[in-house]
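Residue numbers (the numbering used here): 1125 to 1478. Just so you know, even glycine gets a beta-carbon here, dropped at the ideal spot from N, CA and C.
In structure tokens:
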């Protein structure tokens, strides 16, 4: 009776066709480049339809916004999709395993380098910090990773490369990694593990077992799509807000004012930019448009990068999150060391690139 009433087993799901997924991906990339090449003309046409006097502050601001909004969102989509595929080769467990047991120096370099390509930002600071400490990762090495991951991430580099040029992107990469590596090494040399919160120090390392993965090409493409839906879906309001701020700066903020605040001749402009950036909150993608507008207005590039680094690496929300695992003294050391690193590279940059 049981045998005759039992339901037949469901047929196995058909495997996705790899060739179809690859063809669809190539078609998406081709359409992206075709549309991207038409943005300038489309933006000019839209701006021309508006009742604005050509060359006015309003016209300049609107033209900046109409052109940069689709440009930055399209660039972000492509960069996030590509890095989502790259990220499919990493996991929290694998990252912990790569960093665990690394000595300071080499460990700081490895941790900062991993921060560029791994899918972690300041929002993930608490669980990552606990996971790294429990895996036996040295405190300074952990800080190198946590500084590099949000500040020198692939989105910031990709957008800087596309919007400002490869030289700025390369310099930002080198200086950002330098801040992360040196800051983490200094914190590690200070041996401040006893300034962790008590419950974090009580966590003991456990064995790390990497899952056996059989990830296909289709899985990696899906990871890229999921990254776009997740990341772009969350940050697009910040992108538009950043572009709006950049449009206002581009259209209405006087050049003389920008030059006086962020110019090379004003020695106090770099620390002022760092102090101004700390209470602000934005991700790397959201602040790029502001950076682009400030540079176009004549601000010193090193000072602008100091502002960008402080917004991303020393934001107030990140500090509030880290308060759950760090004592106030360790947070103060973290801010001081990273802030001094940002100041040093920014002053150096302004001195070298006059």
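Inter-residue spacing [alpha-carbon to alpha-carbon] between residue i and residue j
i, j, result
"residue 1285", "residue 1206", "15 angstroms"
"residue 1189", "residue 1156", "20 angstroms"
"residue 1275", "residue 1437", "5 angstroms"
"residue 1269", "residue 1419", "29 angstroms"
"residue 1159", "residue 1295", "29 angstroms"
"residue 1236", "residue 1308", "9 angstroms"
"residue 1247", "residue 1175", "Caution applies to residue 1247, whose pLDDT of 48 falls short of 50 and renders its modelled position unreliable; the model cannot decide the point."
"residue 1356", "residue 1197", "8 angstroms"
"residue 1300", "residue 1364", "25 angstroms"
"residue 1443", "residue 1282", "26 angstroms"
"residue 1461", "residue 1310", "8 angstroms"
"residue 1481", "residue 1414", "Examination of residue 1481 is not possible in this model, given that the chain is present from 1125 through 1478 alone."
"residue 1186", "residue 1362", "18 angstroms"
"residue 1435", "residue 1161", "31 angstroms"
"residue 1085", "residue 1148", "In this structure the chain extends from 1125 to 1478, so residue 1085 is not present and cannot be described."
"residue 1212", "residue 1150", "19 angstroms"
"residue 1306", "residue 1320", "20 angstroms"
"residue 1290", "residue 1433", "18 angstroms"
"residue 1297", "residue 1429", "11 angstroms"
"residue 1476", "residue 1391", "14 angstroms"
Residues near residue i in its chain [Cβ-Cβ closer than 6 angstroms; skip 5 each side]
i, result
"residue 1208", "1347, 1348, 1351"
"residue 1431", "1397, 1401"
"residue 1304", "1236, 1268, 1271, 1272"
Classification of residue i by the beta-carbon crowding that lies within 10 angstroms, buried from 16 upward
i, result
"residue 1398", "buried"
"residue 1199", "buried"
"residue 1177", "exposed"
"residue 1230", "exposed"
"residue 1469", "buried"
"residue 1358", "exposed"
"residue 1139", "exposed"
"residue 1180", "exposed"
"residue 1452", "exposed"
"residue 1338", "exposed"
"residue 1450", "buried"
"residue 1458", "buried"
"residue 1169", "exposed"
Proximity winner among the options, relative to residue i (alpha-carbon distances)
i, options, result
"residue 1202", "1299, 1361, 1353, 1393", "1353"
"residue 1271", "1230, 1282, 1463", "1463"
"residue 1262", "1195, 1213, 1314, 1281", "1314"
"residue 1412", "1449, 1292, 1143, 1145", "1292"
"residue 1393", "1154, 1474, 1266, 1299", "1474"
"residue 1152", "1345, 1417, 1433", "1345"
"residue 1372", "1360, 1304, 1416", "1416"
"residue 1472", "1425, 1213, 1149, 1457", "1425"
"residue 1204", "1360, 1367, 1321", "1360"
"residue 1233", "1210, 1264, 1212", "1264"
"residue 1368", "1173, 1182, 1172", "1182"
Beta carbon proximity, residue i to chain D, threshold 8 angstroms
i, result
"residue 1139", "Of the protein chains in the structure, only one exists, and it is not chain D."
Close Cβ partners of residue i (< 7 angstroms) along its chain, the five nearest in sequence each way excluded
i, result
"residue 1163", "1191, 1194, 1195"
"residue 1395", "1467"
"residue 1090", "Any answer about residue 1090 is impossible in this case: the structure gives the chain only from 1125 up to 1478."
"residue 1167", "1187, 1190, 1191"
"residue 1172", "none"
"residue 1322", "none"
"residue 1088", "Outside the modelled stretch of the chain, which goes from 1125 to 1478, sits residue 1088, for which no answer is possible."
"residue 1427", "1386, 1393, 1394, 1397, 1470, 1474"
Contacting residues, own chain, Cβ-Cβ under 8 angstroms from residue i (five flanking each side not counted)
i, result
"residue 1341", "1142, 1145, 1146"
"residue 1312", "1228, 1232, 1262, 1263, 1264, 1265, 1267"
"residue 1068", "Because the chain here runs from 1125 to 1478, residue 1068 falls outside it and cannot be looked at."
"residue 1343", "1212"
**Request:** Identify every run of the alpha helix (DSSP H) within the region 1176-1213, keeping only runs that are complete inside it and at least 4 residues long; order them along the chain.
**Result:** 1181-1211
**Asked** Could you give the uninterrupted runs of the alpha helix (DSSP H) lying entirely in the region 1273-1322, keeping only those of 4 residues or more?
**Response** 1278-1287, 1290-1313
**Item:** Whole runs of the alpha helix (DSSP H) within the region 1433-1467, excluding any shorter than 4 residues
**Value:** 1440-1446
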